[in-house]
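What follows is a short report on a single structure.
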Amino acid sequence: MAIDARHVSKSFGNYVALRDVDLNVEQSELVALLGPSGSGKTTLLRIIAGLDTPDQNPETAVIVDGQDILDRRGSERRVGFVFQHYALFRHMTVFENIAFGLRVRPRKLRPREPELRHKVNELLELIQLGRWSNHYPSQLSGGQRQRVALARALAIEPSVLLLDEPFGALDAKVRQELRRWLRTLHAKIAVTSVLVTHDQEEALEVADRIVIMNQGRIEQTGTPDEVFHNPASEFVLTFLGNVNLFHGRAESNGRARRLFVRPHDLEIERHPSNADSVAARVHRIQSAGPIVRLELTSDQNNSITVEITHERYRDLTIKTGETVFVKVRDVRVFVAAG
Amino acid sequence: MAITSRHRHGEPVWMRNLFIGASVAFVGLLILLPVISVFTEAFRKGFSFYLRSISDPLALSALRLTLITAAVTLAANLVFGLAASWLIAKFSFPGRNVLLSLIDLPFAVSPVISGLVFVLLFGAQGWFGDALSNHGIQIVFAMPGVILATIFVTFPFIARELIPLMQEQGAEEEEAAVLLGANGWQIFRRVTLPNIRWALVYGVVLANARAMGDFGAVSVVSGHIRGRTNTLPLHVEILYNEYNFSAAFAVASLLALLALVTLVAKAALEWRIRAEERTAVMEDVA
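So the protein sequences, as listed, match chains A and B. Residue numbering for the first sequence follows our numbering, starting at 1 and increasing by one per position. Residue numbering for the second sequence follows our numbering, starting at 1001 and increasing by one per position.
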């Protein structure tokens, strides 16, 4: 079900966490809220869930499935929420954790025991933890715990699924696996989902659309392709990956300009092929990985990072300490503020 | 493990024995010996005298008052301790630190002063003295005063056990429960209470020991009216001051028995917690 949050602001004392934010999530979409810590993404998620209240403003609304749920309590919003640190009930087994949301329903809506068992077992199947149903959370690995937390959230058949840095506490390998798994799961159950993360790779890989936040505002919204290839601001560009910064002046009016080039948009040459090529000294080569990363220092003492393929690296036969030429293939320009 | 650590520290055997001996002597002299002497003195004039002493109507009434006081105190402090800890651990609000300091107050103030405060408030010459006597309510030198003073001196025990634990556990499980649709009572009974149950029982055990044994505050507010406002500790003192040593010790042995029951309960609890942790760890390894 679609989410439409309008004019959401939130301050904690003097600290402003959200400044008049609008967020739109389409039915069945998986949207990532991406931003550095303190950008307001978790606050926005908690407001949608009902764990925090936005600042008073008659225009503020959180509309889910056509209804403003702002006046409803968290317990009445039927949102699935997955916490970074799982927040599993430590004294309950995996089974009881998942069953919790069904057991606390008012008597009339509560499923009968066989029905409940069937439903929980189905979810255990979904998260591939059927054999662990009688274990306690402390006996599971981090990845398993987060899967239980997800099943517990799905048990109440939530209208929307909210995930707060769900893989943030896991190690890199497990994180990768869970990301893929979440992607497949979402394709299967298609519940409208919002995922908060500070990991751009995660957002780019998992989300249908990315909402990039900074200092309580939304900087840009778009598909992973759009935000990566057409960043709307300097912040988005730098946040989504490594960039090299060059200073220059506009030819038309002489104003200061900042030129940004991604490491893979730079080319290394033995001999300068045109006047724009810059001479630079190689001081570090990192070739373990899918690409080769070179750290160079230009004559003007700028540090430059270049990424090239292993093939190109072999052809060039570069060594540390050598001087080469760097050519720009693609550049983004942002006029310096002020 | 033990051997390597001994090697590392390398203290000589005689020193180790000295420390062990000193500890045993200290405990024996200051704790074990008095307990033994209580029971030997209690039975000095024979078993039938002992029975007569503890079944004396005045002793029984003191026992009754002590048990009632302990029961009411625990009930009150259970409610207060839970409410205060919940408030302090899971919410931030203005005055939180003041409340936290106030909870510690009874530990900081001498029990005698605590008792005096109640006399000053509710006594005949106290702030509310006139108002209370006009309505025919007596607090000081009556059971309500004894209970109030006992509640006052014991109220930090439960809160102090719970607050650090609840703070460490945070509010995330409760938040998860809210979003899963649970109401306040369901959250308390199914999530919060199971997570703190051992600390709670432990706090109750400590508070109970203190409630039954308190002397200072109760001594000031009770007025030592035999058969009416005497608790066991006060009754022991009266008997002792009347040179009725054997009876005093007989009644004291009752108090000591109650303390032993409390201690056994505490030990059983600790054993149970440790057993639970051990199985958790073992299952973790498996």
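Glycine included, C-beta positions come from ideal geometry on N, C-alpha and C.
Check whether the Cβ atoms of Ala49 (chain A) and Arg72 (chain A) sit closer than 8 Å, and answer yes or no. Your numbering for residue 49 (chain A) matches position 49 in the first sequence. Your numbering for residue 72 (chain A) matches position 72 in the first sequence. In this structure, Arg72 (chain A) does not lie closer than 8 Å to Ala49 (chain A) by Cβ.
Every unbroken alpha helix (DSSP H) within the segment 1124-1211 of chain B, with a cutoff of 4 residues, ordered by chain: At a cut-off of 4 residues, the continuous stretches assigned as alpha helix (DSSP H) that sit fully inside the segment 1124-1211 of chain B are 1129-1134, 1143-1169, 1172-1179, 1184-1187.
Alpha carbon to alpha carbon, how far is Ala1199 (chain B) from Leu1165 (chain B)? Give it in angstroms, no decimals. Taking the second sequence and counting its residues from 1, one reaches residue 1165 (chain B) at position 165. Taking the second sequence and counting its residues from 1, one reaches residue 1199 (chain B) at position 199. C-alpha separation (whole angstroms): 8 Å.
Taking its Cβ as the centre, do 16 or more other Cβ atoms sit within 10 Å of Trp1271 (chain B), making it buried, or is it exposed? The count along the second sequence starts at 1 and reaches residue 1271 (chain B) at position 271. Taking a 10 Å sphere around the C-beta of Trp1271 (chain B), we find fewer than 16 other C-beta atoms and assign the residue as exposed.
Is it true that the CB of Phe325 (chain A) sits closer than 8 Å to the CB of Ala1176 (chain B)? For the purposes of this step, residue 1176 (chain B) is taken as residue 176 along the second sequence, with counting starting at 1. For the purposes of this step, residue 325 (chain A) is taken as residue 325 along the first sequence, with counting starting at 1. With respect to Phe325 (chain A), Ala1176 (chain B) sits apart: the two C-beta atoms are not nearer than 8 Å.
Stretch-stretch touch, CB-based, cutoff 8 Å, three pairs: the segment 1211-1228 of chain B with the segment 1090-1097 of chain B: With a cut-off of 8 Å, the segment 1090-1097 of chain B and the segment 1211-1228 of chain B do not count as touching, because too few Cβ pairs lie within range.
Threshold first: 3 residues or longer. Then list the beta strand (DSSP E) segments lying entirely within the segment 264-288 of chain A, N to C. Within the segment 264-288 of chain A, the complete beta strand (DSSP E) runs of at least 3 residues are 266-269, 278-286.
Helix, strand or coil for Ser39 (chain A)? Go by DSSP, reduced to three states. Within the first sequence, the letter at position 39 stands for residue 39 (chain A). Coil at Ser39 (chain A), not helix or strand.
Start and end of the beta strand (DSSP E) containing Thr323 (chain A)? Your numbering for residue 323 (chain A) matches position 323 in the first sequence. Per DSSP, Thr323 (chain A) belongs to the beta strand (DSSP E) from 323-328.
Inspect the beta-carbon positions of His1224 (chain B) and Ala1062 (chain B) and report whether they are closer than 8 Å. Start at 1 with the first residue of the second sequence, and residue 1224 (chain B) comes out as number 224. Start at 1 with the first residue of the second sequence, and residue 1062 (chain B) comes out as number 62. Against a cut-off of 8 Å, the Cβ pair of Ala1062 (chain B) and His1224 (chain B) comes out as no contact.
Got a sec? Which residues, its chain only, sit under 8 Å from Ser28 (chain A) by beta carbon, not counting five neighbours each side? Reading the first sequence from its first residue, position 28 is the one you call residue 28 (chain A). Result list for Ser28 (chain A): Ala190, Val191, Thr192, in chain order.
Taking Met1043 (chain B) as part of the alpha helix (DSSP H), name the residues at either end of that continuous run. Counting from one through the second sequence, the residue named residue 1043 (chain B) turns up at place 43. Checking the displayed sequence, the identity of residue 1043 (chain B) turns out to be Phe instead of Met. Boundaries cannot be given for Phe1043 (chain B), as no alpha helix (DSSP H) includes it and DSSP labels it neither H nor E.
Contact the segment 1033-1045 of chain B vs the segment 1243-1261 of chain B: 3+ CB pairs below 8 Å: Touching, yes.
Taking 8 Å as the CB-CB limit, is Pro1094 (chain B) close to chain A? Taking the second sequence and counting its residues from 1, one reaches residue 1094 (chain B) at position 94. Answer no: the Cβ-Cβ gap between Pro1094 (chain B) and chain A never drops below 8 Å.
Specify the secondary structure class of Val243 (chain A) as computed by DSSP and reduced to three states. In the first sequence, residue 243 (chain A) corresponds to position 243, counting from 1. Coil.
Segment contact flag, the segment 1146-1162 of chain B with the segment 1170-1187 of chain B, C-beta cutoff 8 Å, min 3 pairs: With the rule of 3 Cβ pairs closer than 8 Å, the segment 1146-1162 of chain B does not count as touching the segment 1170-1187 of chain B.
In whole angstroms, what is the alpha-carbon distance linking Gly80 (chain A) and Gly1203 (chain B)? On the first sequence, position 80 is the one that residue 80 (chain A) refers to. On the second sequence, position 203 is the one that residue 1203 (chain B) refers to. Spanning the two alpha carbons is a distance of roughly 36 Å.
Contact list for Phe81 (chain A) against chain B, beta-carbon separation under 8 Å: Start at 1 with the first residue of the first sequence, and residue 81 (chain A) comes out as number 81. The answer, in chain order, is Glu1175, Ala1176, Leu1179.
Val1218 (chain B) (DSSP reduced to helix, strand or coil): For the purposes of this step, residue 1218 (chain B) is taken as the residue at position 218 of the second sequence. Of the three classes helix, strand and coil, the one that applies to Val1218 (chain B) here is helix, per DSSP.
Beta-carbon proximity of Ile291 (chain A) to Thr309 (chain A), cut-off 8 Å: On the first sequence, residue 291 (chain A) is found 291 positions in, with the first residue counted as 1. On the first sequence, residue 309 (chain A) is found 309 positions in, with the first residue counted as 1. If you check the CB distance, Ile291 (chain A) and Thr309 (chain A) come in under 8 Å.
Beta-carbon contacts of Lys1266 (chain B) that lie in its chain and below 6 Å, excluding the five residues immediately before and after: Here residue 1266 (chain B) refers to the residue found at position 266 of the second sequence. Hits under 6 Å: Val1205.
Do Gly1145 (chain B) and Phe1118 (chain B) have their C-beta atoms closer together than 8 Å? As a first step, residue 1145 (chain B) must be located in the second sequence, where it is residue number 145. As a first step, residue 1118 (chain B) must be located in the second sequence, where it is residue number 118. Result yes, Cβ atoms of Gly1145 (chain B) and Phe1118 (chain B) sit closer than 8 Å.
For Val1285 (chain B), which residues of its own chain have a beta-carbon under 8 Å away from its beta-carbon, when the five flanking residues on both sides are left out? Taking the second sequence and counting its residues from 1, the one referred to as residue 1285 (chain B) is at position 285. Any reading at Val1285 (chain B) needs caution, since the residue's pLDDT is 46, under 50, leaving its predicted position unreliable; the model's value is listed next. Within the same chain, Val1285 (chain B) has no close Cβ partners at all.
Ordered along the chain, which non-local residues of its own chain (more than five positions away) have a Cβ less than 6 Å from that of Ser233 (chain A)? Locating residue 233 (chain A) in the first sequence gives position 233, where the first residue counts as 1. The residues are Glu219.
According to the neighbour-count rule (16 or more other Cβ atoms, all chains shown, within 10 Å of its Cβ), is Tyr136 (chain A) buried or exposed? As a working note, residue 136 (chain A) is residue 136 in the first sequence. Note on Tyr136 (chain A): 16 or more other CB atoms within 10 angstroms of its CB, so buried under the neighbour-count rule.
With 16 other Cβ atoms within 10 Å as the buried cut-off, status of Met1015 (chain B): Sequence index remark: in the second sequence, residue 1015 (chain B) carries index 15 (1-based). A residue is called buried once 16 or more other Cβ atoms fall within 10 Å of its Cβ, and Met1015 (chain B), having fewer, is exposed.
Asp276 (chain A) and Val328 (chain A) - do their beta-carbons sit closer together than 8 Å? Residue numbering aside, residue 328 (chain A) sits at position 328 when the first sequence is read from its first letter. Residue numbering aside, residue 276 (chain A) sits at position 276 when the first sequence is read from its first letter. In this structure, Asp276 (chain A) lies closer than 8 Å to Val328 (chain A) by Cβ.
Are the CB atoms of Val160 (chain A) and Val64 (chain A) within a distance shorter than 8 Å? Position 64 of the first sequence, counted from the first residue, corresponds to residue 64 (chain A). Position 160 of the first sequence, counted from the first residue, corresponds to residue 160 (chain A). In terms of Cβ geometry, Val64 (chain A) and Val160 (chain A) form a close pair [threshold 8 Å].
Could you have a look at Phe167 (chain A) and say whether DSSP puts it in helix, strand or coil? Sequence index remark: in the first sequence, residue 167 (chain A) carries index 167 (1-based). Look at Phe167 (chain A) here: in three-state DSSP terms it is coil, with no helix or strand label.
Which residue's Cα is closest to the Cα of Arg258 (chain A): A:Ile268, A:Asn244, A:Leu266, A:Glu311? Working through the first sequence from its first residue, we reach residue 258 (chain A) at position 258. Among A:Ile268, A:Asn244, A:Leu266, A:Glu311, the Cα nearest to that of Arg258 (chain A) is on A:Asn244.
Alpha helix (DSSP H) runs wholly inside the segment 1212-1271 of chain B, at least 4 long, in chain order: Runs of the alpha helix (DSSP H) inside the segment 1212-1271 of chain B: 1216-1222, 1232-1241.
Please name the residue, chosen from B:Leu1067, B:Leu1100, B:Thr1069, that lies closest to Ala1083 (chain B) on a Cα-to-Cα basis. Taking the second sequence and counting its residues from 1, the one referred to as residue 1083 (chain B) is at position 83. Restricting attention to B:Leu1067, B:Leu1100, B:Thr1069, the CA atom closest to the CA of Ala1083 (chain B) is found in B:Leu1100.
Can you name the residues of chain B whose CB is closer than 7 Å to the CB of Leu51 (chain A)? In the first sequence, residue 51 (chain A) corresponds to position 51, counting from 1. Against chain B, a Cβ distance below 7 Å from Leu51 (chain A) picks out Glu1175.
Would you list, in sequence order, the uninterrupted alpha helix (DSSP H) runs of no fewer than 4 residues that lie entirely inside the segment 111-135 of chain A? The segment 111-135 of chain A contains these whole alpha helix (DSSP H) runs: 113-126.
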